Amino acid sequence: MHLIVAEKNISARRIAAMLAGNNHVTNKKEGGVDTYAFDDTVLVGLKGHVVEVDFVEGYTNWRSEERPPRSLIDAGIVKRPTEKRIVSLLQKLAKKADLVTIATDFDTEGELIGKEAYELVRAVNKDVRILRARFSAITPQEIKRAFSELTELDFALAAAGESRQIIDLMWGASLTRFISIAARRGGANILSVGRVQSPTLAMIADREKEIESFVPQKYWMLTLDTKKDGTPLELRHTHGRFVDHDDALAARKRTTEPLTVTEVKEGVKNDRAPTPFDTTSLLVAAGRLGFSAANAMRVAEDLYMNGFISYPRTDNTVYPASLNLDEVLGVLKTTAFSGDVAWVERHRRPEPTRGKKSSTDHPPIHPTGAATPAQLGEERWKLYELVVRRFLATLSPDARWLTMKVNFDAGGEPYTVTGGQLKEEGWRRVYPYSEAAERLIPACTVGERLPILGVNLEEKETQPPPRYTQSRLIQTMEELGLGTKSTRHEVIGKLVSRRYVQGNPLRPTLVGRAVVESLEKHADTITRPDMTRTLEASMQQIKESTRTRDDVVGESRAMLHSVFDDLEAHEEQIGAEIMDRTVEERTVGPCPVCGKDLQIRQVHGASQFIGCSGYPECTFNISLPGVQWGKAIRLDQVCEQHRLNHIRLIRKGARPWDIGCPLCSHIESNAATLRLIPHMTDALLQRLHASHMYTVPDIVHSSAADLAARLSIGSEEAERLVQEANDVLDLLRRRSELKKFIRAEVPPRRGRSHAKIAQKMAAAGIDDIAALGSARVDVLKEVGLSDEETQGLRAKAQAIRSERRLREAGLPAVSVKKYLEAGIAGPEDFAALHPAYISAKSGVRVETVCKHAEAACSSAGLDTPPKITQKRLEKGREELLALPGIGEPTLEKLYRAGIVDAASLAAADPERASAASGIPAAKIRSCIASISAEDKKERVRT
DNA sequence: GCAAGGTC
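Counting in full-length UniProt numbering, the final residue of the first sequence is number 942, and the numbers go up one at a time with none missing.
In structure tokens form, the structure reads like this:
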């Protein structure tokens with residue numbers, strides 16, 4: 001069997017179709033992985049790297065004394081499968097193969113991925129021939145050629161890739177650990193460092209520094225207003241910017257009539273049609289439409305997977321000869337763009353435009369399928385339309401502008417004006433994303449005089465350089481060789497999720513800046529794009545076999561060791577610098593009570609709140625939703641009223657939740673509960689707020705005297721307020737318990753969310769579980785519960801209530817559980833039933849039952865039932881069992897009627913005992929009679 | 001828990 005290994009599923013599928021020719025290809029899923037078979041050949045697609053490099057065992061503990069961050073430099077490195085299903089299928093197929101062909105992409109990473117497959121195959125099949133197919137495009141001719149001239153794997157090329165893997169891992173992991181530990185940050189707050197991310201972060205941070213230290217320079221612009229054929233014209237002084245104010249003033253002074261046309265220049269300007277899309281230019285164009293880089297990439301991948309556009313990860317800006325452009329146009333004719341397609345066909349340029357990079361892996365991004373807006377939805381359609389229009393634009397003629405430049409003289413001062421008119425629309429007709437700004441100038445002739453209507457001197461300032469937008473950053477990264485087409489957008493995403501940068505355009509956070517500054521001081525190498533360039537040069541040497549992988553990695557190791565010499569010597573200083581800034585990032589603003597800083601605080605990474613840095617002297621705090629709703633971060637926006645920074649909760653894969661001003665939100669969300677206090681008035685609420693009391697617990701935790709003084713109210717009113725607040729707090733507690741109960745017991749349905757049920761229950765006056773237990777059926781139906789649910793819910797609620805009452809009476813949990821299982825539900829049952837019966841049913845010793853019964857009844861204000869000792873019960877039991885016709889089952893029934901021994905049986909009223917026990921009255925009578933007979937015998941004997 | 005690179 002011939003096994004062919006491709007880099008990805010889609011390649012495997014396409015290669016199979018091309019090699020199979022007229023043969024039928026069988027697509028089968030094996031262990032969740034697609035395979036393609038024909039004749040004696042099987043193809044399987046990898047998922048890029050299916051193994052990853054990692055340190056050998058023993059390096060997982062970051063805080064290990066023996067294995068500090070530096071030890072990672074010399075730690076052993078192993079490859080671990082990350083795609084287990086693919087790895088095991090590959091090995092299963094490899095065992096049966098008598099030829100394996102590696103058909104991964106034709107680049108360094110592709111060779112490395114191929115070598116990884118090679119090693120996995122070798123591990124299970126020592127002898128099989130493993131060859132390499134190299135093709136620069138997946139087209140029938142290329143593929144057939146490649147498979148007719150199979151070669152060996154290029155181990156030098158793969159080794160170059162491995163050196164990158166190892167160097168990235170050891171630098172990234174060791175520095176990440178070092179700086180995280182130094183700044184005492186763990187879990188979700190680690191500070192990451194890497195060959196690509198750190199220079200990128202440094203660019204953003206450096207730009208911010210430039211902006212901050214920018215000193216604006218004043219300059220002046222001189223313009224002149226005139227008019228020609230009724231059209232107002234604004235002429236510019238040809239000097240441009242006047243840096244010297246006096247020069248500008250002098251030039252203005254010299255500007256006098258007559259204003260004469262000295263030169264008229266007309267020309268034609270070619271406005272070239274845009275080049276085909278590669279990943280970067282697509283992301284840039286999408287950025288102008290409001291897409292973030294990561295989002296544009298996500299949508300593009302989606303469109304690709306569904307067959308609407310070609311592979312979105314490409315560096316190629318030249319359509320390959322194998323791409324049938326007419327066919328693409330044919331597909332687009334069936335879409336909403338048919339009008340544009342028809343226009344393009346009529347005006348088509350002889351050759352499509354071409355960009356600078358013609359790489360061989362994938363064609364430029366172009367449409368591959370027809371779509372409708374309804375099919376795609378707004379966002380995907382927007383990107384699809386962009387790709388379609390760009391494709392059409394690359395086949396359209398250039399646009400042409402008529403340009404005009406008119407020069408003037410005014411008293412010796414030179415002025416000028418330029419204009420442009422779009423003569424031929426060309427590609428702009430089908431690609432309307434950049435506006436064509438026309439400026440028309442009426443025809444002028446040399447020597448002609450125009451009036452001076454005004455001379456204006458405008459003062460301006462030089463502007464700082466702009467912050468990076470995501471797409472501008474991606475362009476710059478590409479220019480510097482940082483990252484790849486597939487990873488650049490992810491790197492930006494990483495910087496955002498580490499909270500190193502925020503916003504678009506991108507601004508560094510304080511932590512981001514602190515990390516960059518520390519690294520620049522002590523580990524400069526990792527913050528510079530040069531590291532990548534050096535690495536690439538070394539990789540080139542490995543490819544050419546002038547150096548070995550181990551030599552390059554060894555050199556890098558030595559360098560990293562010397563970086564650590566510096567880092568370790570300054571560990572405390574580095575940590576302190578970063579931590580100082582972190583505090584600032586957590587600070588929200590002044591405490592309304594004491595004026596010290598309020599800070600975002602997290603407890604055990606689960607709950608979070610805003611507390612006063614003056615704690616414990618000042619206990620002011622604002623509660624925040626739990627971390628599961630998102631981690632609280634500070635925004636730059638400040639509440640005008642409270643001078644507090646706005647708060648946002650951020651969570652992976654979820655929209656950010658903006659809380660806004662935490663105090664405004666705190667006040668608003670607690671106002672409703674404060675109004676539950678019966679004697680609450682608007683005026684009182686205002687006074688509470690004025691003295692920084694915003695919640696019901698704030699009132700409960702104050703003394704009446706204190707309240708009276710702070711709110712200027714009478715002491716009786718204050719006492720009542722505290723009392724009523726306590727009641728409300730109790731109500732809230734019971735309601736929240738009820739809510740929890742409902743969440744656990746009632747499955748939510750459409751139009752019946754837990755919140756809605758709880759709301760309706762509160763409206764119906766059901767405030768706690770006990771109330772639910774005794775709620776009327778029709779009321780619960782109103783709430784949205786079915787009859788069955790109502791039954792079950794009420795029973796459960798009653799059980800909970802009973803259990804609670806017994807526990808409150810002091811009964812131990814174990815016994816309560818036994819009683820409840822035996823059907824003894826509450827104090828009433830203890831009052832009504834004989835302890836002997838309860839003991840028999842529950843298995844609790846009778847004396848214990850008596851004790852429990854007394855406690856339960858007295859706490860519920862009920863009469864205490866009779867008591868009985870274990871000894872007497874046993875004696876009575878013997879007496880009763882001795883009677884004819886009485887066995888264990890009857891015994892329990894008798895206990896239920898309070899009959900525990902011969903004496904109590906003899907004294908019983910047969911009718912009543914029968915009703916209570918369920919034993920026929922006749923049988924009871926006969927039992928009583930037999931006692932009498934026994935009695936007689938007894939008497940005779942004595 | 002760490003990187004960057006494939007791919008989904």
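Positions of the beta carbon are idealized from the N, C-alpha and C atoms, including for glycine. In this text, all values refer to a predicted model and were calculated from it rather than measured experimentally.
Test item: CB-CB of residue i and residue j under 9 Å
i: W33; j: V5; result: Just to set this straight, residue 33 is Val in the shown sequence, not Trp. No, these two residues do not count as a Cβ contact at 9 Å.
i: P373; j: A336; result: yes
i: A897; j: A906; result: no
i: A601; j: I190; result: Before going on, a small fix: residue 601 reads as Arg here, not Ala. It is not a contact, given that the beta carbons lie outside the stated cut-off.
i: S174; j: L535; result: no
i: I113; j: G48; result: yes
i: K841; j: A825; result: no
i: V446; j: T262; result: yes
i: P835; j: P866; result: yes
i: I899; j: S917; result: yes
i: I659; j: A183; result: no
i: G589; j: L644; result: yes
i: A117; j: A146; result: no
i: E934; j: L891; result: no
i: C591; j: F620; result: yes
i: K521; j: H570; result: yes
i: A632; j: P363; result: no
i: I492; j: A294; result: yes
i: A770; j: R801; result: yes
As assigned by DSSP and simplified to three states, the class of residue i
i: E458; result: strand
i: A103; result: strand
i: G215; result: The question names Gly, yet the displayed sequence has Val at residue 215. Three-state result, V215: coil.
i: R749; result: strand
i: Q641; result: coil
i: G411; result: coil
i: C857; result: helix
i: F620; result: coil
i: C664; result: helix
i: L598; result: strand
i: C591; result: coil
i: C927; result: helix
i: F308; result: coil
i: P367; result: strand
i: A933; result: helix
i: I886; result: coil
Which listed residue (the options) has its alpha carbon closest to that of residue i
i: G290; options: G411, A771, Y433, T848; result: Y433
i: residue 946; options: E435, P367, P274; result: Only positions 1 to 942 of the chain appear in the structure, and residue 946 is not among them; the question remains open.
i: R313; options: V446, T256, V328, A296; result: A296
i: T403; options: G267, T445, D74; result: G267
i: G377; options: L303, R429, S71, F391; result: L303
i: V593; options: A393, K423, Y694, A443; result: Y694
i: T101; options: M1, I181, Q141; result: M1
i: N22; options: F38, I10, G31; result: F38
i: V700; options: L721, T864, R528; result: L721
i: V746; options: L793, T231, S702; result: L793
i: E789; options: V777, I800, T226; result: V777
i: A856; options: G876, L833, L89, R877; result: L833
Residues bridged to residue i [DSSP beta-bridge criterion]
i: L43; result: I4, Y36
i: M539; result: DSSP lists no partner for M539.
i: V264; result: V406
i: N27; result: Y36
i: N270; result: R400
i: L449; result: In the sequence on display, residue 449 carries Arg and not Leu. Per DSSP, T260.
i: E52; result: R80
i: S607; result: V603
beta-carbon residue i near the ligand PLP non-hydrogen atom, thresh 8 Å
i: N670; result: The model on display carries no ligand, and the ligand PLP is accordingly not part of it.
Give the list of continuous alpha helix (DSSP H) stretches no shorter than 4 residues that lie fully inside the stretch 213-259. As for any alpha helix (DSSP H) of minimum length 4 sitting wholly inside the stretch 213-259, the runs are 245-254, ordered along the chain.
Ordered list of alpha helix (DSSP H) runs contained in the stretch 105-164, each at least 4 residues: Entirely contained in the stretch 105-164, the alpha helix (DSSP H) runs reaching 4 residues are, in chain order, 108-124, 140-148.
Along the chain, which unbroken stretches of the alpha helix (DSSP H) at least 4 residues long are found entirely within the stretch 498-534? You should have 510-522.
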